[in-house]
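See below:
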C-alpha cells in the first residue's frame, strides 16, 4: 500500500487535521482496519484519534481516494464525529475475529 497525500490542512476550530489521500494497492481492496493501521503508522498517531470518513474505489483500478480526520485528543473526536463513524473506525470487522 502506497499513500499519496493530496491535502493536509489543520482545522483549528475543531482541533483536527483533515487529510485527503490516494492509496495505491495490489490485489484485493484493503479493509478499513488495514488502511487505518497503515495511515496511523505513517502519521505517528494512535488509532483512537483517527476517523476514516470515505473510501472510494473505481472499477478496474488498483487505487482508492480517501478522506480522514486526525484529532488532537479522543474526547474531541467523540464530541465532534457521528457515532456510526466512530464505531466503523474502531470496531473489528466480523471476519477478523473468526479467523484468529
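Numbering (this note's numbering), first residue to last: 102 to 201. Don't be surprised by glycine CBs; every beta carbon is placed ideally from N, CA and C.
For residue 152 versus residue 119, is the C-beta distance shorter than 7 Å?
Numbered from its first residue, the chain shown carries residue 152 at position 51. Numbered from its first residue, the chain shown carries residue 119 at position 18. No.
Determine the DSSP secondary structure at residue 113, reduced to helix, strand or coil.
Numbered from 1 along the chain shown, position 12 holds the residue referred to as residue 113. Note: residue 113 maps to coil in three-state DSSP.
What are the uninterrupted segments assigned as alpha helix (DSSP H) that are 4 or more residues long and contained completely in the segment 118-197, given in chain order?
133-144, 175-181, 184-191
Taking its Cβ as the centre, do 16 or more other Cβ atoms sit within 10 Å of residue 113, making it buried, or is it exposed?
If you number the chain shown from 1, residue 113 lands on position 12. Exposed, by the Cβ-count rule.
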